[in-house]
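Participant:
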Amino acid sequence: MAETVIKFDNVTMKYGNIVAVNNLSLELKKGEVIGFIGPNGAGKTTVLKLISQLLRPNFGKISVINKYGKLQNIIKDSKNLIEMGFLIDIPHFYNTTPYYLLKYIANIRNYPKEKINQRIDNLLKEFNLFEWKYKKIKIFSKGMKQELGFIIAIIHDPDIIILDEPQTGLDPNARIQIRRFIKSLHQEGKTIFVASHMLHEIAEVCDKIVLINQGMIIGFDTIDNLENLIKNTEIVCKILHLIPPEKVNAILQRLIQRLTPYLESEFDLEISTDLIKYNPQEKSLIIRYDGKEESRSQILSILMNEFNAEFIITSFSKPKTSQLEKIYTQMIHDIKK
Amino acid sequence: MKFIHKIYIKAKPVLHTISFNLTLHVKIFMVFSVVVLFQLFFFGYFVYYFFPNNVLPRSIMTFYGQSMAMLNLILIFAASYFFSGVICSEFKNKTGFTVLPLISRNKLILGKYIANLILVIGLAAVHYLIMLLLGYNFYGEPIIFRLITSFGFCVLYIIALSSIITFLSSFMPSSASIIIFFGLFFFFLDSIIYFRFMEVTSLEPLYSLSYLFNIISMILYPSFPKFRYSVVSTGNSSYIIWDYPNVEGALITLIIYAIVFFILAFPLSKRRK
Chain A
1 MAETVIKFDN VTMKYGNIVA VNNLSLELKK GEVIGFIGPN GAGKTTVLKL
51 ISQLLRPNFG KISVINKYGK LQNIIKDSKN LIEMGFLIDI PHFYNTTPYY
101 LLKYIANIRN YPKEKINQRI DNLLKEFNLF EWKYKKIKIF SKGMKQELGF
151 IIAIIHDPDI IILDEPQTGL DPNARIQIRR FIKSLHQEGK TIFVASHMLH
201 EIAEVCDKIV LINQGMIIGF DTIDNLENLI KNTEIVCKIL HLIPPEKVNA
251 ILQRLIQRLT PYLESEFDLE ISTDLIKYNP QEKSLIIRYD GKEESRSQIL
301 SILMNEFNAE FIITSFSKPK TSQLEKIYTQ MIHDIKK
Chain B
338 MKFIHKIYIK AKPVLHTISF NLTLHVKIFM VFSVVVLFQL FFFGYFVYYF
388 FPNNVLPRSI MTFYGQSMAM LNLILIFAAS YFFSGVICSE FKNKTGFTVL
438 PLISRNKLIL GKYIANLILV IGLAAVHYLI MLLLGYNFYG EPIIFRLITS
488 FGFCVLYIIA LSSIITFLSS FMPSSASIII FFGLFFFFLD SIIYFRFMEV
538 TSLEPLYSLS YLFNIISMIL YPSFPKFRYS VVSTGNSSYI IWDYPNVEGA
588 LITLIIYAIV FFILAFPLSK RRK
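Just so you know, the sequences run in chain order A and B.
The first sequence begins at 1 in our numbering and counts up one residue at a time.
The second sequence begins at 338 in our numbering and counts up one residue at a time.
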């Protein structure tokens, strides 16, 4: 059983009368990558600021593992903690160059002096910022500053890395680069706690997900286990050719009639009004079924045998993107109810 | 040895912060140095060659004393610029999000304070060095020990000034507001209270920074005049105008300012989020 590295015990944080974090209890284990998801104003950044000691909670205890392997209350004593790296909020920098800033950060965190220059060069090359090493940070683009913020979080090779929306403002290639780097850090045994709005991307790298809303945790588990909390789910069925527009309604009606025993028995009209939807742009059918494995195989069999004249199926799958978004949306919706 | 090593490990973040902040401000320091050089060469050299009406002062001490008013002005501006951002800039510019999780707030403030102190004292040192060279050029006299004493008081004055501005930085919202407030306070409020205080009482205005600065030029003279004040008569009443403090009074007041305001800055800064 992996040891706990960060522990929240009934932590509450208020901004005046507004409760940003409400009696939150959470444990992060060593070597895990935990995704932290929630709507705007849910309390994600506040939680990360509490770990980084930028804020002090009104109630509760926050413990972080120290160099001796014991959990230590950081509110009472923040010395001798294990090395941690932070990317909190949108990064802001001094009026200097990446080299001097990274060197300063590495020095104050006691990174070995003889290795600093090499470490800086390697990380800057990794993120295509090497040629900007001696240029002033104020001329950097938003994406470049975000990448530099990520480098600052890991420059001193910390054991625990706290990331707040690390992919904000990055182009698709840079986002892939960040995710690759998170995966490589994971393989090195680092513990990573990442808050993000990019659900499908966070699902790629995370072992577990924490869902937070209005300062409270509403879900904390693997994506598969969270998915099991949702009774019903979707299938995306891609077809080879477009269905002629004049035939669409008739085919959809026939599909509903034939697949009724296997379709979603209750569905939330706010989320979806159609049990089977046709998306001509994607050339796909989205089928809301009852979530049973047997039903899935029956649906596939019926589509291939009885509708082969109408369309040819090229793929038949449950998309991860829509699953996590659905979990997220449904849990927020359940809380509102 | 172990104890020294322990102290060194604890002081390392402060030392690195000092080094980092010196590199951040080196260009501004150069700009201020050029201003110091320019005003010294213009008012202390060119005016005597290109404007024959300006007569060189009889004594080297008077020559040095004349340049002190400009020094005070430069120190006020430099100290306001460098020290106003010691604490508030970390919150206003949000650079605190980057560094405060990695270094304790007290060590960051201490490192920035010492770095900026080195820069402002460096400016004063540039001023004194050029003054020394000009004095030697015009008067051919050797270095006087009292110049070093004057520089010592100047350093103490800078430390007191920087502590007050750092204290302001602990609760005011931005560097600009501190520079404006302190400028207005020093050039108007301090002088107004100084003169009004003396009209009403005969007490020595040791609280006043303008008054305390006068020790820096007066210490250059071989001996202080018998009276440190003059009496002004207006109609039926008369009051005292204090010209300069004595050494002990200036020393104690500047040390108190330096320590008290610096210490007060820390708990106030902790309240900021």
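Each residue gets a CB set at the ideal place from its N, CA and C atoms; glycine is no exception.
Is the distance from the Cβ of K44/A to the Cβ of E3/A below 8 Å?
Facilitator: no
Participant: Helix, strand or coil, according to DSSP, for A602/B in the structure here?
Facilitator: helix
Participant: With respect to the beta strand (DSSP E) encompassing L24/A, which residues constitute its N-terminal and C-terminal limits?
Facilitator: I18 to K29
Participant: Would you say T590/B faces chain A, with C-beta separation under 8 Å as the test?
Facilitator: no
Participant: Could you give the first and the last residue of the continuous beta strand (DSSP E) run that contains L87/A?
Facilitator: M84 to L87
Participant: I'd like the span of the alpha helix (DSSP H) that includes M198/A, first residue to last.
Facilitator: No alpha helix (DSSP H) contains M198/A, which DSSP labels as neither H nor E.
Participant: Less than 8 Å between CB atoms is the rule here; does K449/B satisfy it with respect to chain A?
Facilitator: Residue contact check for K449/B against chain A: no CB pair falls below 8 Å.
Participant: Taking only the alpha-carbon atoms, compute the straight-line gap between Q376/B and G459/B and give it to the nearest angstrom.
Facilitator: When rounded, the separation of the alpha-carbon atoms in Q376/B and G459/B is 16 Å.
Participant: Residues of the stretch 484 to 516 of chain B in Cβ contact with chain A at a cutoff of 8 Å, in chain order, please.
Facilitator: none
Participant: Excluding five sequence neighbours on each side, which residues of the same chain lie with their C-beta closer than 7 Å to the C-beta of E264/A?
Facilitator: N232, L275, R288, Y289 and D290
Participant: Please say whether Y94/A and L101/A have beta carbons closer to each other than 8 Å?
Facilitator: Yes, the pair counts as a contact, with Cβ atoms nearer than the cut-off.
Participant: Roughly how many angstroms separate the alpha carbons of D9/A and F550/B, rounded to a whole number?
Facilitator: 55 Å
Participant: Could you tell me whether the Cβ of H342/B comes closer than 8 Å to any Cβ of chain A?
Facilitator: no
Participant: So which residues of chain B does I130/A contact, with C-beta pairs closer than 8 Å?
Facilitator: Note that residue 130/A is Phe in the sequence shown here, rather than Ile. By Cβ distance, chain B contributes nothing, its closest Cβ being about 20 Å from F130/A, past 8 Å.
Participant: Quick one: give me the first and last residue of the beta strand (DSSP E) that G219/A is part of.
Facilitator: For G219/A, the enclosing beta strand (DSSP E) begins and ends at M216 to D221.
Participant: How should G215/A be labelled, buried or exposed, when 16 other C-beta atoms within 10 angstroms of its C-beta is the threshold for buried?
Facilitator: buried
Participant: Going along the chain, which residues of its own chain have a beta-carbon closer than 7 Å to the beta-carbon of K138/A, five neighbours each way excluded?
Facilitator: These residues qualify, in order along the chain: N95.
Participant: Going along chain B in order, which residues have a C-beta closer than 7 Å to the C-beta of H92/A?
Facilitator: N430, K431, T432, F434 and T435
Participant: In three-state terms, what does DSSP make of R288/A?
Facilitator: strand
Participant: Please list, in chain order, the residues of the stretch 44 to 60 of chain A that have any C-beta partner in chain B closer than 7 Å.
Facilitator: S52, Q53, L54 and L55
Participant: What residues are listed by DSSP as bridge partners for N95/A?
Facilitator: DSSP, once it has assigned bridges, lists no residue as partnering N95/A.
Participant: Quick one: Cα of F307/A to Cα of R180/A, how far?
Facilitator: 41 Å
Participant: For N128/A, which option in F150/A, N107/A and I108/A has the closest C-alpha, if you only look at C-alpha atoms?
Facilitator: When each option's Cα is compared against that of N128/A, the closest is F150/A.
Participant: Can you tell me which of L546/B, S426/B, I485/B and N443/B puts its alpha carbon nearest to the alpha carbon of I592/B?
Facilitator: The shortest Cα separation from I592/B among L546/B, S426/B, I485/B and N443/B belongs to L546/B.
Participant: Indicate whether at least one CB of chain B lies closer than 8 Å to the CB of F86/A.
Facilitator: yes
Participant: Helix, strand or coil: how does DSSP classify E234/A here?
Facilitator: strand
Participant: Considering only C-alpha positions, which residue in the set H186/A, S196/A and L226/A is nearest to D164/A?
Facilitator: Of H186/A, S196/A and L226/A, the residue nearest in Cα terms is S196/A.
Participant: Identify whether S512/B lies in helix, strand or coil by the three-state DSSP scheme.
Facilitator: helix
Participant: Using three-state DSSP, classify K431/B as helix, strand or coil.
Facilitator: Residue state, collapsed to three classes: coil.
Participant: Can you pull the chain B neighbours of Y104/A, defined as C-beta to C-beta under 7 Å?
Facilitator: H353 and F357
Participant: Assign L50/A to buried or exposed, taking buried as 16 or more other Cβ atoms, counted over all protein chains shown, within 10 Å of its Cβ.
Facilitator: Here L50/A is buried, its C-beta having at least 16 other C-beta atoms within 10 Å.
Participant: Drop a sphere of 10 angstroms on the beta-carbon of S575/B, count the other beta-carbons inside from all chains shown, and report buried for 16 or more, exposed for fewer.
Facilitator: exposed
Participant: Report the rounded CA-to-CA distance for D527/B versus P559/B, giving the unit in angstroms.
Facilitator: 29 Å
Participant: From F86/A, K247/A, K61/A and L199/A, pick the residue whose C-alpha is nearest to that of Q146/A; which is it?
Facilitator: F86/A
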